[in-house]
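Under this note's numbering, the sequence shown has 138 at position 138, and the numbering climbs by one with no breaks.
See below for the structure under consideration.
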Amino acid sequence: MNQSKNMSVLFMAQAAMIAAIYVVLTMVFAPISYGEVQVRISEALTILPVFTPAAVPGLFIGCLISNILGGCILPDIILGSIATLIGAVGTWVLRNHNKFLAPIPPILANSLIVPFVLRFGYQIPLPIPFMMLTVGLGEIVSCGALGMTIYFALKKYQYRIFK
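Below, the structure written as C-alpha cells:
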C-alpha cells in the first residue's frame, strides 16, 4: 500500500514538474512559440515519455496552460494541446523501439493538426501544406534535434532521475 502511494506521489510530482518546465520554456521563448512559423522549444520535452509515463499528462497540461497564458483562441487551446497529447502518447508507445522513432509522433501530430487551427481559427491565408511544412520544420528542430539532445543527456542518468 505504501509503495503504491509513493509511486502515485512520484507520478504526480514528475507530471507537475514537466508541465511547469513546459510552460516556462514556452513563455520564455514566446516570440517563437506561436504562429505559422514556430519553434516551440518546450516541445523538446516530448521525448520524456520514453523515460516516464508521467510525461504524458505533464506535457498535455503544460501545453494547455501555455496556450491559455499565450492568449490562444479556444480551438488552438484544445486542438494544439490534443496534438501534443497525441504526440506524447505516440512517444510512450514507441519507447521500447528505435530511439530515433521517439520524436516522430509529436512532429507528425503537430504538423497535421496545428496548420488547420492556424488556417481556420486564426484565418492565416497561407496554404495548409505550406504551414504543415513550416510547423513540421519547427517540430523537427524542437522535437528532433533538441529532443534527442535531451534524450542522450538523460539516458545515462535515467535510473537515478526517473526511477
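We put the beta carbon where it would ideally sit given N, CA and C, even for glycine.
- Item | Three-state class that DSSP yields for Thr46 in the structure shown | For this step, residue 46 is matched to residue 46 along the sequence shown. Thr46 carries a helical assignment under DSSP once its states are collapsed to helix, strand and coil.
- Length of the line joining the Cα atoms of Gln14 and Asn96: Here residue 14 is taken as the residue at index 14 of the sequence shown, counted from 1. Here residue 96 is taken as the residue at index 96 of the sequence shown, counted from 1. One Cα belongs to Gln14, the other to Asn96, and the distance between them is close to 20 angstroms.
- Item | Where Gln38 sits in the DSSP three-state scheme | Along the sequence shown, one-based indexing puts residue 38 at 38. The DSSP-derived three-state label of Gln38 is coil.
- Message: Quick check: the Cα distance between Leu45 and Val141, rounded to an integer number of angstroms?
- Response: Within the sequence shown, residue 45 is the residue found at index 45, counting from 1. Within the sequence shown, residue 141 is the residue found at index 141, counting from 1. Leu45 and Val141: Cα-Cα distance of roughly 12 angstroms.
- By Cβ distance below 7 angstroms, which residues in the same chain neighbour Leu118 in space, the five residues on each side in sequence not counted? In the sequence shown, residue 118 corresponds to position 118, counting from 1. Correct list, in chain order: Glu36, Ile124, Met131.
- Distance between Pro106 and Ile41 (C-alpha atoms, nearest Å): Indexing the sequence shown from 1 puts residue 41 at position 41. Indexing the sequence shown from 1 puts residue 106 at position 106. Going by the C-alpha atoms only, they are around 13 angstroms apart.
- Task: Note down the Cα distance separating Gln38 from Thr134, rounded to an integer number of angstroms.
- Result: Within the sequence shown, residue 38 is the residue found at index 38, counting from 1. Within the sequence shown, residue 134 is the residue found at index 134, counting from 1. Their Cα atoms are separated by approximately 7 angstroms.
- Query: Run through DSSP, which three-state label would Thr52 get?
  - Reply: Your numbering for residue 52 matches position 52 in the sequence shown. In the three-state DSSP reduction, Thr52 falls in the coil class, being neither helix nor strand.
- Item | Same chain, Cβ closer than 8 angstroms to Asn67, neighbours up to 5 away in sequence not counted | Walking along the sequence shown from the start, residue 67 turns up at place 67. Only Asp76, Ile77, Gly80, Ser81 meet the Cβ criterion.
- Please state whether DSSP places Ala102 in a helix, a strand or coil. If you number the sequence shown from 1, residue 102 lands on position 102. Correct three-state label for Ala102: coil.
- Message: In whole angstroms, give me the CA-to-CA distance for Ser33 and Glu43.
- Response: Counting from one through the sequence shown, the residue named residue 33 turns up at place 33. Counting from one through the sequence shown, the residue named residue 43 turns up at place 43. Taking the straight line from one Cα to the other gives about 9 angstroms.
- Message: Can you find the residues in the same chain that come closer than 7 angstroms, C-beta to C-beta, to Phe116, ignoring five residues on each side of it along the sequence?
- Response: For the purposes of this step, residue 116 is taken as the residue at position 116 of the sequence shown. If we look at Phe116 and ignore the five residues flanking it on each side, its Cβ neighbours are Ile128.
- Query: Are the beta-carbon atoms belonging to Pro103 and Ile47 less than 8 angstroms from one another?
  - Reply: Counting from one through the sequence shown, the residue named residue 103 turns up at place 103. Counting from one through the sequence shown, the residue named residue 47 turns up at place 47. Going by C-beta atoms, Pro103 is nearer than 8 angstroms to Ile47.
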